[in-house]
Structures are given as C-alpha cells and as structure tokens.
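Each residue of the sequence shown is one higher than the last, beginning at 1 in full-length UniProt numbering. Here the structure is laid out as structure tokens; the discussion comes afterwards.
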Amino acid sequence: FPGMVKKAGSVVGIIHDRSKLSDGYLEECKSAIGHTREARAPIGLATYILNPVRVLSLFQRMVEEDCELLYLQGRPEKLIITTIAVPPISIRPSVFTEGSQSNENDITERLKQIIQFNAKLRLELLEGRRTGIKYLIGWDELQAVVTLYINSDVRIPLDMQVGRPLSGFVQRLTGKQGRFRQNLAGKRVEFTGRTVISPDPNLKITEVAIPIHMARILTYPERITHHNIEKLRQCVNNGSYKYPGARMVTYPDGSSKSVLLLSPFNGRQSSFVNDVNTYFILQDVDSFFALSLQARIMPWRTLRFNESVCNPYNADFDGDEMNMHVPKTEEARTEAFLLMGVQNNLCTPKNGEILVASTQDFLTSSFLITRKDTFYDRAAFSLMCSYMNDGMDLVDLPTPSVLKPIELWTGKQLFSVLLRPHANVRVYVNLIVKEKNYSRPNKEHKKERETMCPNDGYVYFRNSELISGQLGKATLGNGNKDGLYSILLRDYNAYAAATCMNRLAKLSARWIGNHGFSIGIDDVQPGKKLIDEKGKTISNGYRHCNKLIADYNGGRLALKSGCDATQTLETEITERLNKLREEAGD
C-alpha cells in the first residue's frame with residue numbers, strides 16, 4: 001500500500017509509514033484487493049522498516065512502463081548495491097614497518113569488515129534465522145559498514161561503530177587534502193583570467209561583467225565575412241590598446257601579423273578583443289563548479305555577476321577569487337552555452353531542487369514589499385514598475401486597491417506586475433506555499449483560517465496574481481521544489497524563471513537602496529568644521545609638548561617627585577599626548 005517513505009532516524013534503513021492513510025482510502029484498498037489472496041491477510045496501519053531484500057524485490061517487479069513514467073534510464077534494481085567494487089592494491093597500499101609487520105590501508109580494513117559482517121549474516125540465513133533481533137541487527141551492521149566504506153562521515157548509531165575511525169572514498173576526494181584540490185587543482189592553463197569577485201544586481205543572471213583590462217588581453221579568433229568586416233576593420237584600426245580592438249590578423253596562408261605592423265587590412269581572420277556576445281566559463285576556485293556566462297565588458301577591476309548565482313559557486317564576496325576561461329572555437333562556445341549555461345542549469349541534477357534563486361537583499365526586499373500595510377500612489381507605483389526593466393518594458397497598471405480619497409496600489413500588486421507585466425506575457429502561475437511565519441489554524445476553524453493567517457504566511461498565487469502572503473525564502477529561495485521559480489521552470493521554461501529573477505534583482509536593489517538604512521563612505525567622513533577644530537586641538541597639544549621640551553633644554557622644567565628631568569619630560573609628554581588622542585577621538 002502507498003504511504004510516506006523516509007529515511008530512518010535512529011537506525012540504518014528506510015521507513016514505510018502507512019499510519020497517515022485515511023479511513024476512506026483504506027476501505028478503497030480493501031475493495032480493490034477483495035478478489036485476491038492478499039485480502040485474507042489483515043490490512044493494518046503501521047510503520048515498517050524496508051530491508052534491502054524487500055526493496056530489491058519491489059524494484060525487480062517494476063515493469064518498463066513504470067520506469068519510463070519515472071524517467072529512469074535503466075532498471076531501478078541497479079540502485080541497490082549487490083556487489084562491492086574492490087579497488088586495486090595501488091590505491092590502497094600497505095605500509096611495512098619494522099619487524100616485517102604492515103599497517104593496512106583504511107580501505108582494506110573496511111573491506112575486511114564488510115567480508116566479516118557479510119559472512120556472519122550469511123551464516124545466520126543458512127541456519128534459518130530469518131526473524132528475530134539478531135537477524136535485523138546483522139542487516140543493519142552490514143548496511144552501516146558499507147555506508148562507511150563510501151562515506152565515513154555518515155552518522156550511524158554508536159553500537160554499530162566498529163574500531164577506530166577510518167576514512168572512506170568521499171574523504172579521499174573532497175576537502176583541501178583531497179584528490180581534487182590537493183593533486184588536480186592549481187594547474188596552469190592558457191586563455192584564462194583571475195581576479196576578485198563582487199556583486200552587481202543590475203546584471204542578468206546569465207551575464208558576467210568583465211574588466212576592460214582583461215578584455216584587452218583575452219582574445220577570441222573570429223572569421224571575417226561580409227557581415228562583420230566593417231566591425232573587424234574598426235577593431236584593427238583601434239589596435240590592441242583601445243577597446244574594442246584587435247591584436248593579430250591571420251591570412252589565408254596561415255601566417256599572422258600583429259596589428260601594430262599591419263598596413264592595409266586584407267586579412268581573413270582577426271583575433272579581436274572580446275565583445276559583449278562572447279561566452280566565458282566562470283569557475284570557482286574551491287568548489288570547482290563552473291557555469292557559462294555571457295560577457296559584458298565594464299570598467300573597474302573585478303568580475304561581477306548577479307547575487308542569484310552565488311549559491312552554485314558558494315560565493316560570499318569576502319575577497320574570493322574566481323577563474324575565467326575563454327572558449328576559442330565556435331563549437332566550444334556553443335557547447336558552453338548549451339551545456340553549461342546558467343539558464344540550462346537552474347536546478348541541481350541531484351534531486352531537481354532549484355539551485356539559482358533569490359538570496360540576501362532580494363529576499364529582504366520581497367518580504368518588506370509584500371507587507372499588508374505597504375501602499376503606493378500612482379507616481380511611486382509607476383516608478384517601482386520602471387525599476388524592473390530600466391523603463392524599457394511595457395507595463396499594464398492593475399486596478400488600484402484603494403480608489404478614494406486617492407488611488408493606492410499595494411506591494412502585492414507590485415509583485416503581481418513583476419511576475420506578469422502586461423497582457424502579452426502568457427505566464428499564469430497558480431501556487432500555494434506556507435512560509436516560515438505561517439501559523440497553523442485551529443482544528444475547529446481550519447477552513448476559515450487557512451488563508452487568513454495573522455502573520456500573512458500563507459502565500460497564494462492565482463493566475464500570476466498574488467492574493468495573500470508575505471514572500472520569503474520558501475517561495476523565492478533555493479532548495480524548494482514547490483517555490484515560485486520551480487513552478488515557472490516546470491510549467492513554462494527557463495527563460496520565464498530567469499526573467500523573473502532579473503526583474504526581482506533590479507527592483508530589490510533599487511527599492512531597498514531608497515527604503516532601507518544604508519550609508520556610504522561619504523556619510524562617515526567628518527565635515528570641514530570638524531576637521532578644522534580637530535586641527536586646532538592637535539596644534540595646541542603639539543605646542544604644549546614643544547614648550548615642555550624647551551623648558552627641559554633650558555633647565556626650567558619642574559621635576560616630579562622621584563623622577564629626574566628626563567623621566568619627568570617623558571611622563572609629561574605621554575600624559576599630554578594621551579589626553580590629546582582622547583580629545584581628537586571625541
């Protein structure tokens with residue numbers, strides 16, 4: 001019978017929970033199997049622990065039609081480990097010590113444990129012990145040791161931990177001392193750039209801002225045709241020091257010349273400085289995650305991208321650096337765009353959860369905009385709508401929520417416009433999400449209070465119109481398969497989800513800059529009057545110290561008790577400078 005399948009908490013296994021089936025569903029199941037032999041067995045509601053043999057038998061009985069329905073490429077029984085791969089001796093060598101003794105590798109020790117627990121369980125099965133506590137413990141011990149063989153960081157019950165801690169395959173690959181970062185990272189390659197990263201919410205999630213200095217050095221060879229000959233001729237005329245420019249011109253015979261030595265322009269292929277339509281591969285140094293982004297050449301010296309793309313790279317803008325790789329052929333550009341493009345990798349392949357989503361200030365702005373007491377007049381509402389697309393997109397203003405004494409629009413209506421700006425946008429989202437601040441209704445008033453959450457935590461979209469709810473991380477953040485971006489990606493396409501993220505990023509950055517409390521370096525710099533007063537205070541202090549030094553040199557300095565002239569001078573100057581520092585700081 002169907003039910004909730006979840007991971008067991010205190011034991012190693014999977015729990016099949018049938019305790020929450022309704023009585024009506026139970027009666028339906030009884031009537032459906034009434035003519036079978038299973039009907040003789042009592043149908044109870046309980047919680048069962050599925051052992052690997054039971055799960056394997058269920059997978060083996062699945063028909064091919066069900067596998068196609070679940071989008072499975074192969075047979076599901078391959079998900080159950082029935083054989084253990086034993087690595088060669090070369091990657092698990094023994095260390096010989098004095099006295100012809102050897103210390104075995106952790107992988108070898110774990111394989112010995114697997115063989116021992118497997119032999120113990122096989123003996124119990126041969127003796128006919130297919131029930132009882134020892135039989136169940138044997139299964140759990142075997143599963144635990146196989147799990148630790150792959151990943152030793154998995155938490156298992158204390159009574160199942162055997163011997164000293166041993167490292168698994170995951171520990172050999174991950175971390176700073178792992179195979180990737182210790183042995184494979186840091187290799188030098190050509191056609192790359194590296195600099196510090198910084199955020200820019202005005203960029204699309206598919207774009208990255210490349211500094212002009214990097215764009216002048218990193219080149220891309222473009223073949224000359226009658227479509228682009230004028231553009232490339234201008235690049236050659238600009239040279240290699242002006243953007244956009246060119247560095248080399250390749251002739252049909254394969255020879256190349258620098259643009260500095262070139263007179264008439266009659267080449268066939270130009271290695272020109274990268275333009276806005278060139279695609280780059282942006283790679284994080286630590287996580288090795290790489291996505292393809294479209295270049296946008298801009299001033300300053302940092303790589304900039306939208307904060308919504310931070311999660312795949314695990315970027316936090318605290319001084320992190322990233323590498324940039326330039327594809328050098330049209331085939332490589334196409335593969336980078338189709339296989340590694342952000343718009344094609346919005347969700348993670350692991351479990352289908354959304355990976356690229358709103359974060360930080362975007363969530364804060366959305367939460368504040370969609371409050372119940374947020375209202376805008378026509379001028380303010382139109383200004384907010386223009387923030388979404390730099391005033392370049394059509395916007396159909398909805399009917400105001402308040403008509404008298406003046407027309408007022410709510411923040412929820414602003415978000416409805418963000419999702420569907422005008423009638424030509426055929427995006428109709430129907431969504432129900434319970435945010436973290438949602439309060440459960442009383443049982444006796446469940447129907448009346450489900451949508452009337454006092455904290456406004458019940459988010460309800462109907463035909464792309466936000467009816468209720470304050471938007472938060474459950475709706476706009478990552479890690480939720482029922483969020484807004486997941487629904488847009490599932491029901492429509494990646495373009496609809498990416499466009500919504502871009503609109504929200506621009507709106508949030510500009511709205512919170514005017515609404516929130518933000519300061520710049522100019523706000524904390526002292527004014528001219530304060531600087532003048534500080535200068536006078538410091539001058540008076542230095543004048544007093546110079547007078548003390550003159551009295552010391554002339555023998556007129558009054559000595560302190562227990563001190564000679566030098567000690568008295570040092571004490572007086574120290575006290576005066578300490579007092580001067582306090583006065584200047586206050």
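Glycine is no exception: its CB is placed at the ideal position from the N, C-alpha and C atoms.
Going by the DSSP bridge assignment, what does residue i pair with across the sheet?
i	result
Lys7	Ile14
Lys536	Beta-bridge pairing links Lys536 to no other residue.
Trp409	Tyr376
Arg296	Ala209
Ala505	Paired residue(s): none; Ala505 is not in a bridge.
Leu50	Ile14
Leu303	Ile197
Val402	Leu408
Phe96	Ser102
Under the rule that 16 or more other beta-carbon atoms within 10 Å means buried, what is residue i, buried or exposed?
i	result
Pro299	exposed
Thr568	buried
Thr410	buried
Asn157	Note that residue 157 is Pro in the sequence shown here, rather than Asn. With fewer than 16 other Cβ atoms within 10 Å, it is exposed.
Val276	Because Val276 carries a pLDDT of 48, less than 50, the predicted location of this residue cannot be relied on, and no value is offered for it.
Glu582	exposed
Phe381	buried
Arg296	buried
His515	exposed
Asn502	buried
Glu230	exposed
Ser508	buried
Asp373	exposed
Asn478	buried
Leu142	buried
Asn151	exposed
Gly352	exposed
Gln113	buried
residue 670	Because the chain is modelled from 1 through 586, residue 670 falls outside the range shown and cannot be assessed.
Ser401	exposed
Gln343	buried
Leu45	In this prediction, Leu45 has a pLDDT of 48, which is less than 50 and means its spatial position is unreliable; nothing more can be read from the coordinates.
Ala558	exposed
Cys563	exposed
Asn540	exposed
Asp200	buried
Lys412	buried
Ser561	exposed
Arg268	Note on Arg268: pLDDT 47, under 50, position unreliable in the model; the coordinate value appears next. Arg268 comes out exposed.
State the CB to CB distance for the pair residue i and residue j, rounded to an integer number of angstroms; the pair is presumed to be in contact (CB under 8 Å).
i	j	result
Leu488	Ala497	4 Å
Asn103	Ser90	So it is not a contact: roughly 17 Å between Cβ atoms.
Glu258	Met248	Looking at the sequence provided, one finds Ser at residue 258 rather than Glu. With a Cβ gap of about 6 Å, Ser258 and Met248 count as contacting.
Gln294	Met322	Contact flag wrong, Cβ pair sits at about 16 Å.
Lys328	Phe191	6 Å
Lys506	Tyr387	6 Å
Gln414	Met384	Gln is not the amino acid found at residue 414; the sequence shown has Leu there. Indeed, because the Cβ distance is near 5 Å, the residues count as touching under 8 Å.
Tyr438	Asn455	7 Å
Leu355	Asn311	6 Å
Leu580	Thr537	7 Å
residue 597	Gly178	The chain is shown from 1 up to 586; residue 597 falls before or after that span and cannot be answered.
Glu465	Ser416	5 Å
Val425	Thr302	At roughly 34 Å, the Cβ-Cβ gap does not stay under 8 Å, so Val425 and Thr302 are not in contact.
Given 7 Å as the limit, tell me if residue i has its C-beta closer than that to any heavy atom belonging to the ligand GTP.
i	result
Gln182	Inclusion of the ligand GTP in the displayed structure is not the case, the ligand content being empty and no account of it being possible.
Is the Cβ of residue i closer than 8 Å to any Cβ of chain B?
i	result
Ser152	Any reference to chain B falls outside this structure, which holds one protein chain only.
* Which full runs of the alpha helix (DSSP H) of 4+ residues lie inside the stretch 424 to 473, going along the chain? -> The qualifying runs are 446 to 449.
* To do: Please specify which runs of the alpha helix (DSSP H), each continuous and at least 4 residues long, are wholly inside the stretch 102 to 147, giving them in chain order.
  => 106 to 126
* Asked: Which ranges would you report for the beta strand (DSSP E) in the stretch 325 to 372 if only whole runs of at least 3 residues count?
  -> none
* Should the stretch 233 to 246 be called in touch with the stretch 201 to 210, which here means at least 3 C-beta pairs below 8 Å? -> no
* Touch check for the stretch 479 to 494 and the stretch 425 to 436: three-plus C-beta pairs under 8 Å? -> In short, these stretches touch, since the Cβ pair count reaches three.
* To do: Jot down the residue ranges of each uninterrupted alpha helix (DSSP H) in the stretch 183 to 238, minimum 4 residues, whole runs only, in chain order.
  => 212 to 217 and 229 to 238
* Complete runs of the alpha helix (DSSP H) confined to the stretch 517 to 584 [at least 4 residues] -> 521 to 524 and 528 to 554
* **At least three beta-carbon pairs within less than 8 Å, the stretch 358 to 368 to the stretch 218 to 228** => Result no; under three Cβ-Cβ pairs closer than 8 Å.
* Inside the stretch 49 to 93 only - alpha helix (DSSP H) runs reaching at least 4 residues -> 52 to 60 and 64 to 69
* the stretch 151 to 170 touching the stretch 101 to 119, judged by at least three CB pairs closer than 8 Å -> yes
* Asked: Are three or more beta carbon pairs between the stretch 75 to 88 and the stretch 53 to 66 nearer than 8 Å?
  -> yes
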